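Everything in the sequence shown is counted per the working numbering, starting at 32 for the first residue and increasing by one. Single-structure report; data block below.
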Amino acid sequence: MSETFNDNPTKIREDEELDNAGLSNYLSNFLDISKSDFEILQFPSGFSNLTYLIKSNQKEYILRKPPIGAKVKSGHDMSREYKVLSALKNNYKKSPIPLHYCNDINIIGSDFYIMERIKGIVLRSNNFKKILTKKTQYDFIASEFVDTFAELHKLEIEKIGLSEFGRPVGYCDRQVKGWTKRYQNSKTNDIPEINFVIKWLNNNITESPYVSLIHNDFKYDNLVLDSKTLSVKSVLDWEMCTTGDPFMDLGTTLAYWINKDDPDYMREINLNITSEENNPKRGEILEMYSKKFGDEIENIVFYFVFGLFKIAVIVQQIYFRYEKGLTKDPRFKHLNYVVLAYARMAKISIEKQKIEF
């Protein structure tokens, strides 16, 4: 498989440039960095934290920083992401190794961290058909996907040193209330479907007895696959990781999993590959996960609806930044329609009490 299918870094977007001289001078104190041989490029994909490629002395590093104009600090906490990766380094082989964290905002205008670069394939809507040519490949990566997900949820939090990380007690209640508040803080216009979903979620909060380390954004385009075997090499984007009910994590993942027979307005979003004919459906992913995790998932509609709502809010926050002129990224111009689509899907799930239609 060709390297052309990988995410390729490009020229840095306008208004997202970094201070090359200041950064190279700073990093040379910690890494094998040459001030005279220092190049920064930007990965164009992704809608949240900004990701850059640093090239120096024939080595490559990844820099992660919050987006410009971000209002929600908890969703862009670089120290939190760095702490998680540091804990996972010797306990979860499918996570990148962190190398350095900087909280001095004078270097590039915000805190940031550096991690190793993991080379491989990231499946996206514009490349997957050239990579996946057989149904068996879709089945294989779905199995790898679920195995990797369940493996994360079965990590022993105390053993990996994250027993004090997060606040698992009352997690679901805080999540519903917290994401409701985030929506209100980034609201740009009234959406009746979201109002309906918010009321239902707040009246139907569910808590499972399990506490796990949860990723909170586990989907195909946050996985790096081996270019030859398609096995999962690494899980990316740990910015929202915490400890809590693993089924909240599952609900978000199922919400990202758009079926081939979902309403047109969902399939038209085209943010991932799961609506392709050869993919298993959400219900099959749920069944695979349940077997791997070792328990049936009760009240799955609550978790699924919450996932849909959370995605809607995340997208709304990005759209809010665009509407306020805090980012000029043209990809964000029509995200308000994505917010509406997820809100409509959540309302239908509540009305039908199903995760598939």
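For every residue, glycine included, the Cβ atom is placed at its ideal position computed from N, Cα and C. Everything numeric in this text was worked out from a predicted model, so none of it was measured.
With contacts defined as CB atoms closer than 7 Å, Ile236 and Ala118 fail to qualify as a contacting pair.
For Asp257 and Asn367, the gap between their C-alpha atoms comes out near 35 Å. Residue pairing from DSSP places Ser265 in a beta bridge opposite Val255. The way I'd put it, the region 248 to 262 doesn't touch the region 209 to 227; fewer than three beta-carbon pairs between them come closer than 8 Å. Burial is judged here by how many other beta carbons sit within 10 angstroms of a residue's own beta carbon; Ile349 has at least 16 and is buried. Contact between the region 276 to 294 and the region 131 to 143 is absent: fewer than three C-beta pairs spanning the two stretches fall below 8 Å. Contact check for Ser55 against Phe69 passes: the beta carbons are separated by less than 7 Å. Look at Thr274 here: in three-state DSSP terms it is strand.
Under the DSSP definition of a beta bridge, Ile85 partners with Ile71, Tyr92. Asp252 is the residue among Ala377, Phe324, Asp252 whose C-alpha sits nearest the C-alpha of Asn157. The count of Cβ pairs closer than 8 Å, one atom from the region 288 to 296 and one from the region 367 to 384, reaches three, so the stretches are in contact. The beta carbon of Ser65 sits closer than 7 Å to the beta carbons of Ser87, Asn88 from its chain, once the five residues preceding and following it are set aside; these are given in chain order.
Here His131 is bridged, per DSSP, to Ile145. In the DSSP annotation of this structure, the continuous segment of the beta strand (DSSP E) that includes Ser243 starts and ends at 243 to 245. Within the same chain, and ignoring the five residues on either side of Phe335 in sequence, the residues whose Cβ sits closer than 7 Å to its Cβ are Gly282, Leu285, Ala286, Ser380, Ile386. By a beta-carbon distance limit of 8 Å, Tyr144 contacts Tyr113. Their separation comes to about 4 Å.
Here Thr41 carries a strand assignment [DSSP, helix/strand/coil].
Distance from the CA of His131 to the CA of Asp108, rounded to the nearest whole angstrom, comes to 14 Å.
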